[in-house]
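Start counting the sequence shown at 129; every next residue gets the next number (the working numbering).
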Amino acid sequence: MAIRLSRPRTLAICALPVLALFGTAAFAPLPFTVAQPGSTADVLGDDKGKPVITIKGAPTRTTDGKLMMTTILATSPTADIGIGDVVDSWFRADRAVMPRDSVYPTGDSEKEIEQHNLQDMKESQNVAVDAALNYLDRKPGSVDISLNLADVGGPSAGLFFSLGIIDKLAGDGSGGDLTGGRTVAGTGTIEADGTVGAVGGVSLKTQAARRDGATVFLVPKAECKQAKAERPDGLRLIPITTLKGAVSSLRALDQGGKVPSC
(Lines of atoms letter the chains of each structure in order from A and count residues from 1; the text may use other names and numbers.)
(Lines give C-alpha, C1' and ligand atoms only; values in the text may rest on other atoms or scores of the structure.)
Protein backbone atom coordinates (compact mmCIF):
# COMPACT_ATOMS: atom_id res chain seq x y z
CA MET A 1 0.00 0.00 0.00
CA ALA A 2 1.32 3.38 -0.99
CA ILE A 3 1.20 6.03 1.67
CA ARG A 4 1.25 9.66 0.76
CA LEU A 5 2.99 11.86 3.31
CA SER A 6 2.28 15.53 3.65
CA ARG A 7 5.30 17.78 3.01
CA PRO A 8 5.77 18.88 6.63
CA ARG A 9 5.72 15.27 7.79
CA THR A 10 8.12 14.26 5.02
CA LEU A 11 10.53 16.98 6.04
CA ALA A 12 10.25 16.04 9.68
CA ILE A 13 11.00 12.40 8.98
CA CYS A 14 13.92 13.28 6.71
CA ALA A 15 15.29 15.60 9.37
CA LEU A 16 15.50 12.90 12.02
CA PRO A 17 18.84 11.46 10.81
CA VAL A 18 20.25 14.99 10.49
CA LEU A 19 19.17 15.93 13.99
CA ALA A 20 20.65 12.71 15.30
CA LEU A 21 23.91 13.54 13.55
CA PHE A 22 24.03 17.02 15.09
CA GLY A 23 23.13 15.57 18.45
CA THR A 24 26.04 13.16 18.24
CA ALA A 25 28.40 15.89 17.01
CA ALA A 26 27.47 18.10 19.95
CA PHE A 27 29.07 15.60 22.31
CA ALA A 28 31.84 14.22 20.09
CA PRO A 29 35.33 15.80 20.30
CA LEU A 30 36.42 17.51 17.09
CA PRO A 31 39.97 17.76 15.65
CA PHE A 32 40.27 21.48 16.38
CA THR A 33 42.12 23.83 18.69
CA VAL A 34 40.62 27.04 20.05
CA ALA A 35 43.07 29.95 20.28
CA GLN A 36 42.89 33.42 21.79
CA PRO A 37 45.24 36.41 22.16
CA GLY A 38 48.20 35.41 24.31
CA SER A 39 50.95 37.25 26.16
CA THR A 40 53.47 39.71 24.77
CA ALA A 41 57.11 40.20 25.76
CA ASP A 42 59.41 43.17 25.19
CA VAL A 43 62.61 41.70 23.76
CA LEU A 44 64.44 44.90 24.81
CA GLY A 45 63.43 44.31 28.43
CA ASP A 46 63.33 41.54 31.01
CA ASP A 47 61.38 38.31 31.26
CA LYS A 48 60.88 36.90 34.77
CA GLY A 49 63.71 39.01 36.12
CA LYS A 50 66.25 38.20 33.38
CA PRO A 51 67.14 40.25 30.28
CA VAL A 52 65.63 38.73 27.16
CA ILE A 53 68.76 39.69 25.21
CA THR A 54 72.21 39.58 26.82
CA ILE A 55 75.21 40.71 24.78
CA LYS A 56 78.85 40.33 25.82
CA GLY A 57 82.00 41.27 23.95
CA ALA A 58 80.62 44.46 22.36
CA PRO A 59 79.30 47.80 23.61
CA THR A 60 75.51 48.01 23.78
CA ARG A 61 73.09 50.90 23.68
CA THR A 62 70.51 51.98 26.24
CA THR A 63 67.26 51.65 24.30
CA ASP A 64 63.97 53.49 24.49
CA GLY A 65 60.57 52.20 23.41
CA LYS A 66 59.55 48.54 23.17
CA LEU A 67 59.84 45.72 20.66
CA MET A 68 57.10 43.31 21.65
CA MET A 69 56.87 39.78 20.31
CA THR A 70 53.34 38.38 20.42
CA THR A 71 51.81 34.97 21.08
CA ILE A 72 48.55 33.10 20.93
CA LEU A 73 47.17 30.96 23.73
CA ALA A 74 45.79 27.67 22.40
CA THR A 75 43.91 24.84 24.05
CA SER A 76 46.08 21.81 24.78
CA PRO A 77 46.48 19.11 22.08
CA THR A 78 44.48 16.70 24.25
CA ALA A 79 41.58 19.09 24.97
CA ASP A 80 38.13 17.95 23.83
CA ILE A 81 36.70 20.60 21.52
CA GLY A 82 32.99 20.18 20.83
CA ILE A 83 30.69 21.78 18.32
CA GLY A 84 29.52 24.23 20.98
CA ASP A 85 33.07 25.54 21.34
CA VAL A 86 33.36 25.90 17.57
CA VAL A 87 30.06 27.79 17.23
CA ASP A 88 30.89 30.08 20.16
CA SER A 89 34.33 30.91 18.75
CA TRP A 90 32.88 31.54 15.28
CA PHE A 91 30.99 34.60 16.58
CA ARG A 92 33.85 36.02 18.68
CA ALA A 93 36.64 38.22 17.35
CA ASP A 94 38.91 37.22 20.23
CA ARG A 95 38.72 33.50 19.47
CA ALA A 96 39.78 31.42 16.48
CA VAL A 97 39.20 27.78 15.66
CA MET A 98 42.14 26.11 13.92
CA PRO A 99 42.73 22.55 12.73
CA ARG A 100 44.63 20.86 15.53
CA ASP A 101 47.37 19.62 13.20
CA SER A 102 48.04 23.20 12.06
CA VAL A 103 48.98 24.11 15.62
CA TYR A 104 50.47 20.88 16.94
CA PRO A 105 52.48 18.12 15.26
CA THR A 106 50.28 15.12 14.47
CA GLY A 107 50.71 11.91 16.41
CA ASP A 108 52.98 13.20 19.19
CA SER A 109 52.23 13.08 22.90
CA GLU A 110 51.62 16.33 24.78
CA LYS A 111 55.09 16.15 26.33
CA GLU A 112 56.71 15.51 22.94
CA ILE A 113 54.81 18.43 21.44
CA GLU A 114 56.02 20.73 24.22
CA GLN A 115 59.60 19.62 23.62
CA HIS A 116 59.15 20.10 19.86
CA ASN A 117 57.90 23.67 20.34
CA LEU A 118 60.71 24.52 22.74
CA GLN A 119 63.24 23.13 20.26
CA ASP A 120 61.68 25.30 17.52
CA MET A 121 62.11 28.32 19.79
CA LYS A 122 65.75 27.48 20.51
CA GLU A 123 66.52 27.01 16.82
CA SER A 124 64.77 30.28 15.93
CA GLN A 125 66.85 32.09 18.54
CA ASN A 126 70.08 30.79 17.02
CA VAL A 127 68.96 31.78 13.52
CA ALA A 128 67.86 35.20 14.80
CA VAL A 129 71.36 35.85 16.12
CA ASP A 130 72.85 34.86 12.75
CA ALA A 131 70.38 37.06 10.87
CA ALA A 132 71.14 40.09 13.05
CA LEU A 133 74.90 39.65 12.76
CA ASN A 134 74.62 39.16 8.99
CA TYR A 135 72.62 42.38 8.73
CA LEU A 136 75.25 44.24 10.76
CA ASP A 137 78.10 42.67 8.71
CA ARG A 138 79.57 41.10 11.82
CA LYS A 139 81.12 37.67 11.77
CA PRO A 140 79.59 34.90 13.88
CA GLY A 141 81.43 34.68 17.18
CA SER A 142 82.39 38.38 17.17
CA VAL A 143 80.05 38.85 20.13
CA ASP A 144 78.44 36.53 22.66
CA ILE A 145 74.65 36.81 22.45
CA SER A 146 72.23 34.82 24.57
CA LEU A 147 68.43 34.94 24.45
CA ASN A 148 66.05 34.12 27.27
CA LEU A 149 62.28 33.84 27.01
CA ALA A 150 60.55 31.41 29.33
CA ASP A 151 57.42 29.37 28.64
CA VAL A 152 57.14 30.30 24.96
CA GLY A 153 57.48 27.79 22.14
CA GLY A 154 57.61 27.95 18.36
CA PRO A 155 59.63 30.01 15.87
CA SER A 156 57.43 33.11 15.49
CA ALA A 157 59.56 35.44 17.66
CA GLY A 158 62.56 35.19 15.32
CA LEU A 159 62.09 38.56 13.60
CA PHE A 160 61.80 40.41 16.90
CA PHE A 161 64.83 38.74 18.43
CA SER A 162 66.84 39.95 15.42
CA LEU A 163 65.43 43.49 15.67
CA GLY A 164 66.19 43.59 19.40
CA ILE A 165 69.81 42.57 18.84
CA ILE A 166 70.22 45.21 16.11
CA ASP A 167 68.67 47.90 18.31
CA LYS A 168 70.96 47.08 21.23
CA LEU A 169 74.09 47.00 19.07
CA ALA A 170 73.45 49.70 16.47
CA GLY A 171 70.03 51.30 16.90
CA ASP A 172 68.78 52.95 13.74
CA GLY A 173 72.32 53.58 12.54
CA SER A 174 72.07 57.32 13.20
CA GLY A 175 72.22 57.41 16.98
CA GLY A 176 68.53 56.78 17.57
CA ASP A 177 66.36 53.82 18.47
CA LEU A 178 64.68 51.52 15.96
CA THR A 179 61.41 52.05 17.79
CA GLY A 180 61.58 55.85 17.79
CA GLY A 181 60.39 55.55 21.39
CA ARG A 182 57.21 53.74 20.31
CA THR A 183 55.78 50.42 21.41
CA VAL A 184 56.23 48.31 18.28
CA ALA A 185 54.82 44.80 18.19
CA GLY A 186 54.72 42.07 15.58
CA THR A 187 55.53 38.54 14.58
CA GLY A 188 57.37 36.54 11.95
CA THR A 189 59.89 33.77 11.56
CA ILE A 190 63.40 34.63 10.41
CA GLU A 191 66.01 32.95 8.22
CA ALA A 192 69.75 33.59 8.48
CA ASP A 193 69.60 35.59 5.22
CA GLY A 194 66.94 37.87 6.74
CA THR A 195 63.88 36.41 5.03
CA VAL A 196 60.74 36.80 7.14
CA GLY A 197 58.12 34.03 7.10
CA ALA A 198 54.43 33.73 7.98
CA VAL A 199 53.34 32.31 11.32
CA GLY A 200 49.55 32.01 11.70
CA GLY A 201 47.20 33.44 14.33
CA VAL A 202 47.99 37.00 13.24
CA SER A 203 44.50 38.42 13.87
CA LEU A 204 44.74 37.28 17.50
CA LYS A 205 48.28 38.62 17.89
CA THR A 206 47.24 42.10 16.74
CA GLN A 207 44.65 42.13 19.52
CA ALA A 208 47.26 41.13 22.10
CA ALA A 209 49.55 43.87 20.78
CA ARG A 210 46.97 46.65 21.02
CA ARG A 211 45.82 45.43 24.43
CA ASP A 212 49.39 45.85 25.68
CA GLY A 213 49.90 49.33 24.26
CA ALA A 214 51.37 48.83 20.79
CA THR A 215 50.62 51.39 18.08
CA VAL A 216 52.58 49.68 15.29
CA PHE A 217 52.49 46.03 14.22
CA LEU A 218 55.00 44.40 11.85
CA VAL A 219 53.23 41.59 10.00
CA PRO A 220 54.56 39.10 7.42
CA LYS A 221 53.29 40.47 4.11
CA ALA A 222 51.59 37.19 3.21
CA GLU A 223 49.33 37.61 6.24
CA CYS A 224 48.27 41.22 5.68
CA LYS A 225 44.73 40.26 4.70
CA GLN A 226 44.23 38.24 7.86
CA ALA A 227 45.72 41.02 10.02
CA LYS A 228 43.41 43.64 8.47
CA ALA A 229 40.31 41.52 9.04
CA GLU A 230 40.34 42.05 12.81
CA ARG A 231 42.71 45.03 13.11
CA PRO A 232 42.11 46.88 16.39
CA ASP A 233 41.60 50.64 16.23
CA GLY A 234 44.80 52.59 16.70
CA LEU A 235 47.14 49.87 15.42
CA ARG A 236 49.14 50.56 12.25
CA LEU A 237 50.02 47.50 10.16
CA ILE A 238 53.35 47.42 8.30
CA PRO A 239 53.99 44.49 5.92
CA ILE A 240 57.41 42.85 6.16
CA THR A 241 59.24 40.37 3.92
CA THR A 242 62.84 40.82 5.11
CA LEU A 243 64.77 41.96 8.17
CA LYS A 244 66.30 44.77 6.10
CA GLY A 245 62.81 45.88 5.11
CA ALA A 246 61.68 45.87 8.74
CA VAL A 247 64.59 48.09 9.78
CA SER A 248 64.01 50.43 6.81
CA SER A 249 60.30 50.74 7.61
CA LEU A 250 60.98 51.58 11.26
CA ARG A 251 63.54 54.19 10.22
CA ALA A 252 61.10 55.74 7.75
CA LEU A 253 58.35 55.74 10.37
CA ASP A 254 60.55 57.72 12.76
CA GLN A 255 61.85 60.11 10.10
CA GLY A 256 58.51 60.82 8.44
CA GLY A 257 59.35 58.91 5.29
CA LYS A 258 57.20 56.65 3.15
CA VAL A 259 56.14 53.55 5.06
CA PRO A 260 54.41 50.57 3.38
CA SER A 261 51.02 49.51 4.69
CA CYS A 262 48.74 46.50 4.43
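We treat Cβ as the ideally placed atom computed from N, Cα and C, and that holds for glycine.
Helix, strand or coil at residue i [DSSP, three-state]
i	result
residue 237	coil
residue 379	helix
residue 176	coil
residue 331	helix
residue 169	strand
residue 184	strand
residue 314	strand
residue 339	helix
residue 298	coil
residue 365	strand
residue 163	strand
residue 291	helix
residue 346	strand
residue 303	coil
residue 325	strand
Per-residue burial, residue i [other beta carbons within 10 Å of its own, 16 or more giving buried]
i	result
residue 247	exposed
residue 344	buried
residue 278	exposed
residue 160	buried
residue 206	exposed
residue 208	exposed
residue 250	exposed
residue 215	exposed
residue 331	buried
residue 309	exposed
residue 265	exposed
residue 303	exposed
residue 328	buried
residue 322	buried
Residues of its chain near residue i, where Cβ-Cβ distance is below 6 angstroms and the 5 sequence neighbours each way are ignored
i	result
residue 290	256, 259, 260, 318 and 371
residue 379	300
residue 184	272
residue 281	245, 246 and 249
residue 252	283 and 286
residue 149	Confidence at residue 149 is low in this model, with a pLDDT of 40, below 50, so its placement is unreliable and the value that follows should be read with caution. Here the set comprises nothing.
Same chain, Cβ closer than 8 angstroms to residue i, neighbours up to 5 away in sequence not counted
i	result
residue 368	287, 314, 316, 324, 346, 347, 348, 349, 374 and 377
residue 238	204, 205 and 206
residue 295	172, 189, 191, 195, 305, 306 and 307
residue 229	159
residue 179	173 and 276
Same chain only: Cβ atoms within 7 angstroms of residue i, ignoring 5 sequence neighbours per side
i	result
residue 387	366, 377, 380 and 381
residue 390	347, 352, 355, 356, 365 and 367
residue 320	255, 258, 259 and 262
residue 268	258 and 261
Integer-rounded CB distance, given that residue j should sit under 8 angstroms from residue i
i	j	result
residue 224	residue 163	5 angstroms
residue 201	residue 166	4 angstroms
residue 172	residue 188	Not quite, the Cβ-Cβ distance comes to about 11 angstroms (not below 8 angstroms), so this is no contact.
residue 226	residue 285	That pair is no contact at about 19 angstroms.
residue 307	residue 193	3 angstroms
residue 338	residue 362	6 angstroms
residue 293	residue 211	About 46 angstroms; that fails the 8 angstroms criterion.
residue 297	residue 186	6 angstroms
residue 336	residue 312	That belief does not hold up - the Cβ atoms of residue 336 and residue 312 are roughly 14 angstroms apart, past 8 angstroms.
Cβ-heavy atom distance, residue i to the ligand NAD, below 8 angstroms
i	result
residue 249	No copy of the ligand NAD appears in this structure; indeed no ligand is present at all.
4-residue-minimum alpha helix (DSSP H) runs that sit fully inside the segment 195 to 278, ordered along the chain: 211 to 218, 228 to 231 and 238 to 263
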